[in-house]
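Counting from 13, one number per residue, gives the positions in the sequence shown under our numbering.
Built from N, CA and C at the ideal position, the CB exists for glycine as well.
Computed from a predicted structure; not experimentally measured.
First comes the structure, then the notes that go with it.
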Amino acid sequence: MQTTKRFVITLAGILLVFATAPLVIASVHFQHLLIMLLLYTTLSQAWNLIGGYAGQVSFGHAVFFGIGAYAAMAPLNQWGLTPWVGMVIGGVISVMVALVIGVPVFRLKGHYFAISTFAVAEVIKELFSSWKWVDGPIGLDAPILEQGFYNLMFYKTKLPYLYITLAFFLVVMVLTFRMERSRMGYYFRAIKQRPDAAQAMGVNISLYKQYAFVISALFTAICGSFYAMYVLHIEPATVLSLDISMKIVLVTALGGAGSLWGPLLGAMVLIPLQEYSRIWLG
């Protein structure tokens, strides 16, 4: 009970800081920094489920990020479909892809698993680079539409984007907290630390790895859809790149993989460093 109370108070304090800070510091660059920080915290927390808690290090999460991005942008371009529907489509497709990928790759262990996820990501990146429907390597630009939540476009301020990422952050943190204290969380840690003992206890290791992979893929795709509408241009070289996968892993590792607050701590170190280095060094 004390742990839950402490979590609620800490999370409420963080939400309050992120919600009010851009009102005090009225800078577009500062708002962008907070958006990227929250986005990568959410992405890294999603990766943390499979890589941190379940101990299956994936270097291919850009696959799900890219699928989410294209699922939001392509239907919007082709049929004028709201990105929110595209976000759902991207999530469903990513779950299906995770299920298909998981069958062969979870037969591998250690660095072989990590290498296989990287290889799958590169193959899918090349497929998108050759796919004419999404303009191959050129990518897609979002059409200029009326601003608002329906089209997920805001031209005058970045604050709506910030509050959307704050909502994503809230959801993934609450779900991770509950997962940590559930039977599933216990099984994830057992699979990571003592897989043989877990199997001897009757834990279906392959099934629970799939659970972690699928949930992780779903949240990663949702973040990809949001990112596409935030930057308004996507291409395989950006949304399906190894850089995305490695940054997600690095943020989690910096803060502490397998810990609830690790992704946030890692993002607070890496994202400001990256953003301000880009500004200062060009």
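Alpha helix (DSSP H) segment containing residue i, residue limits
{"i": "V184", "result": "171 to 192"}
{"i": "T94", "result": "Here T94 belongs to no alpha helix (DSSP H), and DSSP marks it neither H nor E."}
{"i": "R18", "result": "14 to 36"}
{"i": "V135", "result": "123 to 142"}
Span separating the alpha-carbon of residue i from that of residue j
{"i": "G80", "j": "V69", "result": "21 Å"}
{"i": "S253", "j": "A74", "result": "6 Å"}
{"i": "G98", "j": "A233", "result": "10 Å"}
{"i": "E138", "j": "E247", "result": "11 Å"}
{"i": "L93", "j": "A210", "result": "45 Å"}
{"i": "S194", "j": "V261", "result": "24 Å"}
{"i": "T15", "j": "G25", "result": "15 Å"}
{"i": "V107", "j": "W143", "result": "21 Å"}
{"i": "A38", "j": "A83", "result": "33 Å"}
Beta-carbon proximity list for residue i, same chain, < 7 Å, skipping 5 on both sides
{"i": "G72", "result": "T129, F130, V132, A133, S257"}
{"i": "L23", "result": "M185"}
Contact set for residue i: own chain, Cβ-Cβ below 8 Å, skip 5 residues either direction
{"i": "Y175", "result": "A31"}
{"i": "V29", "result": "none"}
{"i": "T188", "result": "Q57, N60, L61, L272"}
{"i": "A265", "result": "G278"}
{"i": "V226", "result": "V107, A110, L111, G114"}
Candidates the options, of which the one nearest residue i by Cα
{"i": "A126", "options": "W59, Y173, P248", "result": "W59"}
{"i": "L117", "options": "L277, A202, K221", "result": "Checking the displayed sequence, the identity of residue 117 turns out to be Val instead of Leu. Comparing Cα positions, the closest option is K221."}
{"i": "T169", "options": "T15, V36, V40, K17", "result": "V40"}
{"i": "L276", "options": "L219, I227, L182", "result": "L182"}
{"i": "T250", "options": "S141, P87, V263", "result": "S141"}
{"i": "R119", "options": "H44, I217, K204", "result": "I217"}
{"i": "D208", "options": "I156, K121, Y239, R18", "result": "K121"}
{"i": "L282", "options": "S237, L49, W96", "result": "L49"}
Sequence-distant residues of the same chain with beta carbon closer than 6 Å to residue i, five excluded per side
{"i": "L191", "result": "This sequence places Met at residue 191; Leu is not what is there. Correct list, in chain order: G197."}
{"i": "I136", "result": "V75"}
{"i": "D153", "result": "H245"}
Three or more C-beta pairs closer than 8 Å, one from the stretch 267 to 284 and one from the stretch 106 to 114: is that the case here?
-> Too few Cβ pairs lie closer than 8 Å, so no.
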